[in-house]
Amino acid sequence: MNYSILPYFTTNVTVMDDNWGLNLPGNRVNIPIKDESAHQKFYAVFLKQNKNRLMPLISSLQDQWAKVD
Numbered sequence: 000m001n002y003s004i005l006p007y008f009t010t011n012v013t014v015m016d017d018n019w020g021l022n023l024p025g026n027r028v029n030i031p032i033k034d035e036s037a038h039q040k041f042y043a044v045f046l047k048q049n050k051n052r053l054m055p056l057i058s059s060l061q062d063q064w065a066k067v068d
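Anchor point for the sequence shown: position 13 equals 12 in numbering that gives the first Met the number 0, and the numbering is continuous, going up by one each time.
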């Protein structure tokens with residue numbers, strides 16, 4: 000079986016990366032997950048001493064996610 004012909008699933012997170020999927024074969028079938036009940040929480044775990052360094056990144060991710068959610 001040629002695995003490249005199997006369907007693949009995407010979410011709203013996928014569209015945040017402009018380069019995602021550029022190298023996929025043209026015969027792939029995209030199946031978006033759009034169900035309202037399909038949710039996933041993400042957590043950022045880091046050392047307290049790294050908080051000031053990581054908060055700009057976390058804020059940026061939250062802002063970008065709000066645009067596509």
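No residue lacks a Cβ here, since even glycine has one placed at the ideal position from N, Cα and C.
Sub-9 Å separation of residue i and residue j beta-carbons
i   : j   : result
R27 : P55 : no
L53 : F41 : no
A43 : I32 : no
Boundaries (first-last residue) of the alpha helix (DSSP H) holding residue i
i   : result
P55 : 50 to 67
Beta strand (DSSP E) segment containing residue i, residue limits
i   : result
E29 : Checking the sequence shown, residue 29 turns out to be Asn, not Glu. Counting along the chain, the beta strand (DSSP E) containing N29 begins and ends at 29 to 31.
F8  : 7 to 9
Residue closest to residue i, alpha-carbon to alpha-carbon, out of the options
i   : options            : result
N29 : Q48, W19, E35, S36 : W19
P24 : L60, K47, N51, I4  : I4
Exercise for the section: Decide yes or no for the touch test of the segment 60 to 67 against the segment 6 to 16: beta carbon pairs closer than 8 Å, at least 3 of them. Expected result: Judged by Cβ distances under 8 Å, the segment 60 to 67 makes contact with the segment 6 to 16, as three or more pairs qualify.
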